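Engineer: First residue of the sequence shown? That's 468 in this note's numbering, and the numbers climb one at a time after it.
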Amino acid sequence: MTREIYLVTHRYRPDAQHSAAIIENELTRHGFEVRRSGPLGDAEIVVVLGGDGTILSATELTRGTEVPIVGINYGHVGFLAEVEPEGLARVVEQITEREWTLDRRMTMDIEVTLSDGRKASTWTLNEAALDKHGKPMIEVSLGVDGRGVSSFSCDSVLMSTPTGSTAYSFSAGGPVVWPDVEAMLLVPIAAHALFTRPLVVGPGSELEIALHTNGAVLVCDGRRDLPVDAGSLITARKSDYPVYLARLNETPFSGRLVKKFALPVRGWRDRGRQ
468 MTREIYLVTH RYRPDAQHSA AIIENELTRH GFEVRRSGPL GDAEIVVVLG
518 GDGTILSATE LTRGTEVPIV GINYGHVGFL AEVEPEGLAR VVEQITEREW
568 TLDRRMTMDI EVTLSDGRKA STWTLNEAAL DKHGKPMIEV SLGVDGRGVS
618 SFSCDSVLMS TPTGSTAYSF SAGGPVVWPD VEAMLLVPIA AHALFTRPLV
668 VGPGSELEIA LHTNGAVLVC DGRRDLPVDA GSLITARKSD YPVYLARLNE
718 TPFSGRLVKK FALPVRGWRD RGRQ
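#1: Look up S706 in the DSSP assignment and say whether it is helix, strand or coil.
#2: If you follow the alpha helix (DSSP H) that K727 is in, where does it begin and where does it stop?
#3: Count the other CB atoms, across all protein chains shown, that sit within 10 Å of the CB of L661; report buried if there are 16 or more and exposed otherwise.
#4: From the DSSP output, in three-state form, read off L750 for me.
#5: May I ask which residues mark the beginning and end of the alpha helix (DSSP H) holding Y635?
#6: On the DSSP letters alone, give me the boundaries of the beta strand (DSSP E) that N540 sits inside.
#7: Taking the alpha helix (DSSP H) that T591 falls in, what are its first and last residues?
#8: Starting from the C-beta of V732, find all residues in its chain whose C-beta is less than 6 Å away, skip the five residues before and the five after it, and write them out in chain order.
#9: Looking at the structure shown, is Q741 part of a helix, part of a strand, or coil, going by DSSP?
#10: Cα separation between K599 and R691?
#11: Closest by CA to D519, which one among A587, N593, L494 and I490?
#12: Going by DSSP, what residue range makes up the beta strand (DSSP E) through L666?
#13: Going straight from the alpha carbon of S588 to that of S672, what length do you get?
#14: Please name the residue in V559, R530, T630 and R565 whose C-alpha comes closest to that of L516.
#15: Specify the secondary structure class of D576 as computed by DSSP and reduced to three states.
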């Protein structure tokens with residue numbers, strides 16, 4: 468039976484397009500059928516050449532399945548990517564030999580109840596951002612498990628997963644949460660209030676944002692937009708459908724964190740070796 472690979476490439480990066488042609492030729496030479504469009508089909512892995520945005524687009528193909536994504540970084544930080552472009556040849560070898568492990572990433576289901584009672588639903592791997600969308604500020608009330616916890620005006624409020632804790636939430640001052648910790652974050656941005664600390668809740672909780680301002684928009688993973696009006700209620704819950712990333716090496720998350728953010732690492736272990 469012919470093995471299938473799905474290839475996703477950044478549309479506007481010539482270097483990514485060039486590498487995609489190389490990897491497609493190599494995989495074809497190894498007997499794979501390489502697909503670039505249409506449904507996921509019987510693909511056993513999705514290879515993404517691009518940055519985190521391109522990887523997030525690929526999750527729309529794989530969510531609800533156990534098909535993993537392996538990212539080759541042609542973006543900036545590329546926190547979701549597994550390897551840099553110079554590792555392209557090794558990626559082909561490891562795919563051929565099925566030398567990868569699965570990294571299970573929690574996602575969140577987002578439900579919006581609009582002021583007229585209509586409901587809409589979506590999901591997110593990184594975060595759902597309720598944004599002022601050109602307004603001076605938005606007025607919100609925050610709740611956890613059906614109980615109010617705070618109200619204030621702000622520029623935005625994020626509901627984030629551990630995966631998203633190194634993305635928009637990190638820039639907004641939220642904590643870094645290891646991806647194997649099942650939790651949800653509630654992170655206000657530029658809030659006009661005394662109590663605006665990020666909140667971290669368990670996977671069985673529900674996060675809620677009641678909106679009191681018209682003209683806001685809810686943006687999930689920077690890709691899926693939903694206009695919301697005053698009187699809307701946004702709820703986030705842990706989803707039953709994770710996303711899987713393929714890991715090609717055993718570097719722990721702490722090592723990835725240090726590498727991607729170029730963190731200065733000088734501690735007692737270094738001193739102890741001197």
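In this text, a Cβ means the ideal position worked out from N, Cα and C, and glycines have one as well. Since we're looking at a predicted model, the values are computed, not measured.
Structural biologist: Well, looking at it:
#1: In this structure, DSSP gives S706 a state outside helix and strand, which the three-state scheme calls coil.
#2: Unbroken alpha helix (DSSP H) run through K727: F720 to K727.
#3: Taking all protein chains shown into account, L661 has fewer than 16 neighbouring C-beta atoms within 10 Å of its C-beta and is therefore exposed.
#4: The structure shown has nothing for residue 750, since the chain only spans 468 to 741.
#5: Residues Y635 to S638.
#6: Going by DSSP, N540 is part of the beta strand (DSSP E) stretching over I536 to N540.
#7: Note, T591: premise wrong, no alpha helix (DSSP H); beta strand (DSSP E) at K586 to T591.
#8: Excluding sequence neighbours, V732 sits near V725.
#9: Here Q741 scores only 44 on pLDDT, less than 50, and its place in the model is too uncertain to base an answer on.
#10: Rounded to the nearest angstrom, the two C-alpha atoms are 16 Å apart.
#11: Minimum Cα distance to D519 is reached at N593.
#12: Counting along the chain, the unbroken beta strand (DSSP E) around L666 starts and ends at L666 to V668.
#13: Between the alpha carbons of S588 and S672 lies a gap of roughly 18 Å.
#14: Comparing Cα positions, the closest option is V559.
#15: In the structure shown, D576 adopts extended strand secondary structure according to DSSP, grouped into three states.
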